[in-house]
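A.B. asks:
Residue numbers (our numbering): 3 to 325.
(1) Are the region 196-203 and the region 45-63 touching by the rule of at least three beta carbon pairs closer than 8 Å?
(2) Rounded to the nearest angstrom, what separates residue 255 and residue 286 at their Cα positions?
(3) What's the call for residue 131, buried or exposed, on a 16-neighbour Cβ count within 10 Å?
(4) Give me, in chain order, the residues of the same chain whose beta-carbon lies closer than 8 Å to that of residue 114; leave out the 5 immediate sequence neighbours on both sides.
(5) Taking just the CA atoms, how far does residue 18 sit from residue 216?
(6) By how many angstroms is the C-alpha of residue 179 removed from the C-alpha of residue 253?
(7) By how many angstroms is the C-alpha of residue 239 removed from the C-alpha of residue 301?
(8) Tell me, which residues are paired with residue 47 by DSSP?
(9) Please state whether DSSP places residue 324 in a helix, a strand or coil.
(10) By DSSP, does residue 311 sit in helix, in strand, or in coil?
(11) Reducing DSSP to helix, strand and coil, say where residue 265 ends up.
(12) Keeping to the same chain, check which residues put their C-beta closer than 7 Å to that of residue 313; ignore five residues upstream and five downstream.
(13) Specify the secondary structure class of residue 73 as computed by DSSP and reduced to three states.
(14) Taking 8 Å as the threshold (C-beta atoms), are residue 101 and residue 153 in contact?
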């Protein structure tokens with residue numbers, strides 16, 4: 003089935019409407035900046051409501067059905083930050099690496115190159131230019147040429163996993179050869195092992211292959227690199243690997259969560275802060291469920307439930323166009 007036929011069935015929109023939306027899809031984004039934790043800003047490009055609807059259909063019927071590498075833990079069913087951290091529990095040495103401008107570095111040609119290796123995508127190769135417009139942002143306000151993935155589109159994480167599948171396999175082979183463990187959570191790469199020289203050898207090999215690669219153009223961000231040895235605090239995707247072989251969200255974060263829940267109950271939080279505590283509670287459920295249960299016991303299921311029911315009106319905020 004063609005992409006257009008799929009969208010006709012799923013949306014009920016006319017061919018003319020769908021063609022109009024797809025033709026202008028790369029510019030149908032609400033663009034804004036958010037501050038980074040360590041300074042600077044991150045550009046978010048949030049697709050308009052009608053484009054997000056189309057992207058979610060492609061995600062459900064095509065992208066979610068593709069195989070994912072064994073080390074990809076972000077945006078994958080039954081995986082996540084806890085899956086990513088567990089891989090490294092009990093390891094004395096930890097190396098953390100990061101790709102610079104990860105989503106914005108992935109371009110339509112990367113999708114085409116990776117898609118050729120997936121049997122599941124052979125039937126829709128004729129629709130590749132249409133998919134470019136659906137999946138890729140223009141890269142700037144009002145730019146209508148599909149340029150790169152956006153931070154904000156529901157399809158971007160799955161596309162990035164597809165594009166990185168060959169690189170993931172290379173990292174698995176290199177880590178296995180050196181007796182290391184490796185995982186990738188979007189742009190975050192974590193390696194662990196008993197020999198720091200093996201970790202550094204992997205890093206050098208990765209730098210070399212990225213420099214020589216004629217396809218996917220990814221670059222390591224040295225500002226986010228970290229090597230941690232025995233006795234040092236080790237954190238993986240926001241979770242702390244404890245010396246006794248467990249995983250924790252950390253005492254500081256637990257205090258913050260408890261304080262915000264208390265203030266929510268007193269009506270002291272604005273909507274943005276309330277959404278933050280909702281996110282932190284979701285984080286604790288997946289990472290340290292015993293702590294979440296302690297919060298329910300302390301503050302009551304009704305108050306915790308009220309926080310969990312909060313929902314941002316992102317659909318309305320992003321809706322610059324309608325069907």
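The beta carbon of each residue, even a glycine, is placed where N, CA and C say it ideally should be.
C.D. replies: Quick answer:
(1) no
(2) By 1-based counting over the chain shown, the position of residue 255 is 253. By 1-based counting over the chain shown, the position of residue 286 is 284. Rounded to the nearest angstrom, the two C-alpha atoms are 9 Å apart.
(3) On the chain shown, residue 131 is found 129 positions in, with the first residue counted as 1. With fewer than 16 Cβ atoms within 10 Å of its Cβ, residue 131 is classed as exposed.
(4) As a first step, residue 114 must be located in the chain shown, where it is residue number 112. Cβ neighbours of residue 114 beyond the five flanking positions: 130.
(5) Here the question's residue 216 lines up with position 214 in the chain shown. Here the question's residue 18 lines up with position 16 in the chain shown. Whole-angstrom Cα-Cα distance: 39 Å.
(6) For the purposes of this step, residue 253 is taken as the residue at position 251 of the chain shown. For the purposes of this step, residue 179 is taken as the residue at position 177 of the chain shown. When the Cα atoms are used, residue 253 and residue 179 turn out to be separated by approximately 37 Å.
(7) Counting from one through the chain shown, the residue named residue 301 turns up at place 299. Counting from one through the chain shown, the residue named residue 239 turns up at place 237. The alpha-carbon atoms of residue 301 and residue 239 are separated by roughly 27 Å.
(8) Here residue 47 refers to the residue found at position 45 of the chain shown. For residue 47, which the question treats as bridged, DSSP gives the partners 33.
(9) Counting from 1 along the chain shown, the entry for residue 324 is found at position 322. With a pLDDT of only 41 at residue 324, under 50, the local geometry of the prediction cannot be trusted, and the value read off the model is given with reservation. Coil, per DSSP.
(10) Along the chain shown, read from residue 1 onward, the residue named residue 311 stands at position 309. Three-state DSSP puts residue 311 in coil, outside helix and strand.
(11) Mapped onto the chain shown, residue 265 falls at position 263. Here residue 265 sits in helix by DSSP.
(12) Residue numbering aside, residue 313 sits at position 311 when the chain shown is read from its first letter. Around residue 313: no qualifying Cβ.
(13) Numbered from 1 along the chain shown, position 71 holds the residue referred to as residue 73. Note: residue 73 maps to coil in three-state DSSP.
(14) Sequence index remark: in the chain shown, residue 153 carries index 151 (1-based). Sequence index remark: in the chain shown, residue 101 carries index 99 (1-based). No. Outside cutoff.
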